[in-house]
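Presented below is the structure to which this report refers.
Residue numbers (this note's numbering): 3 to 316.
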């Protein structure tokens, strides 16, 4: 299956599940292909025929953008160098979940979540460690006895009870001995921001331009992003804006169109800040504001009101 067909399949699954789905983002150099939202859940999806092409840099940019937008990064793939991605299994690279379209459809359309995740050394399942410990103790079973049943060490049983994943065979033996469903489903939409904090990375400083400085002076936090259809995510306690700035050219206008689609999905605003007054007040639903206009704004509400008035909604 070609990559475009894969992307359209992903979009169709999300739409059928009730998500509001963006168009396929065809601009080169963007770190994601689809944005989708259902209620408070926002997904940034990268779709690849071969997931081995998913690079550390791409993962880092997806995580940065996901944090800024309150979204979950997710990779949809078809195969890797080891073969086709198996249904019902959650893979991962750089702490981002990877699933096949079949697994995505089972989860969203059939309410059939995956129970297996791939990690170095093989395939594992997640155990309810609290239930495991309480059931074992209620049965008067020692760590050693449980370890003998599972075919692992006493220390491993302790680690299972603390949340460590288990090999499938050991988990099934434990479930059978307890007569309880201790194997838990895997949530591929879980994005552990605390793990993101642990990763070695340097926060980028916003580009030192008049527009950025003025936004900061107005009390906005400006978080720069790359491999995205906008240059930054600007926010304060009341508003979030997808922000592009620079000289007015055809590529910037194209980015404004893509940002409009994403802003619609996110229910936020997008703004394009240009050096000189433009003959249009908006490009699709992206408000166009010049540096001169921005200079006259004294309060953040003035800017958000201006952007709201110019950013026509479809």
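Where a beta carbon is used, it is the ideal one built from N, C-alpha and C, also for glycine.
Of the residues 19, 28, 211, the one whose Cα lies closest to the Cα of residue 231 is 28. Secondary structure remark: continuous alpha helix (DSSP H) runs of at least 4 residues inside the stretch 30-109, in chain order: 58-71. Within 10 angstroms of the beta-carbon of residue 63 lie 16 or more other beta-carbons, which makes it buried. In the DSSP assignment, the residues bridged to residue 169 are 126. CA-to-CA, the gap between residue 156 and residue 243 works out to about 53 Å.
Cβ-Cβ separation between residue 217 and residue 236: approximately 5 Å, consistent with a contact (criterion under 8 Å).
Under the 10 Å beta carbon count, residue 3 is surrounded by fewer than 16 other beta carbons and is classified as exposed. As a beta-bridge residue in DSSP terms, residue 284 pairs with 289. Judged by pairs of C-beta atoms under 8 Å, the stretch 181-195 touches the stretch 120-135, as three or more such pairs exist.
Taking the CA atoms as reference points, residue 80 sits about 20 Å from residue 17. Judged by their CB atoms, residue 76 and residue 99 are nearer to each other than the 8 Å cut-off. Annotation: residue 268 to residue 25 spans about 13 Å, alpha carbon to alpha carbon. Listed in chain order, the non-local C-beta contacts of residue 33 below 6 Å within the same chain comprise 60, 63, 64, 229, local neighbours out to five positions each way being set aside. Annotation for residue 14: the continuous alpha helix (DSSP H) segment containing it runs 5-18.
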